[in-house]
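Each residue of the sequence shown is one higher than the one before, counting from 31 in the working numbering.
Each remark here refers to the structure printed beneath this line.
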Amino acid sequence: MECRVQVDFLISGGSPGDGRDHGLRFPDPGAVAVEIDGKRYVSLPRLIELKLASGMSAPAAHFDDVIQLIRANGLAEDFGAQLHPHVQAKYREYWGYAQRPTGEY
Numbered sequence: 031m032e033c034r035v036q037v038d039f040l041i042s043g044g045s046p047g048d049g050r051d052h053g054l055r056f057p058d059p060g061a062v063a064v065e066i067d068g069k070r071y072v073s074l075p076r077l078i079e080l081k082l083a084s085g086m087s088a089p090a091a092h093f094d095d096v097i098q099l100i101r102a103n104g105l106a107e108d109f110g111a112q113l114h115p116h117v118q119a120k121y122r123e124y125w126g127y128a129q130r131p132t133g134e135y
């Protein structure tokens, strides 16, 4: 059966986004995982960091994902303080967009 689903492989230690070294790397999954209902997921702060870093060079869906994560989790603006410094300003920018009604950003 052919599903034509795109799969991206991310290698621990690689740089998200444009591949340039901003000090932010794809983490070891075991080091950043949280367990929810017996399944392991990347922690919310690391997921948002990676989405922001990736979106800074290829915005497409990454920034909308961040806005939706902010809304769905009711994240405060100061949540950005726990993110990598490279993406903190971008988090604050998109936190502002998340405060607007849907469709107004």
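Even glycine gets a Cβ: it sits at the ideal position worked out from N, Cα and C.
Predicted, not measured: the structure shown is a model, and the values here were computed from it.
Judged by beta-carbon spacing, Ile97 lies beyond the 9 Å limit of Tyr71, meaning their Cβ atoms are not closer than that value.
Taking 4 residues as the minimum length, the alpha helix (DSSP H) runs contained wholly in the region 39-98 are 59-62 and 74-85, in order along the chain.
In the three-state reduction of the DSSP assignment, Pro131 falls in the coil class, being assigned neither a helical nor a strand state. Distance check between Ser87 and each of Pro59, Ala128 and His116 places His116 closest, using alpha-carbon atoms only. Between the alpha carbons of Pro46 and Ser84 lies a gap of roughly 5 Å. Distance from the CA of Tyr121 to the CA of Asp108, rounded to the nearest whole angstrom, comes to 10 Å. In the three-state reduction of the DSSP assignment, Arg122 falls in the helix class. Closest in alpha carbon position to Phe93, among Ile78, Asn103 and Ala106, is Ile78.
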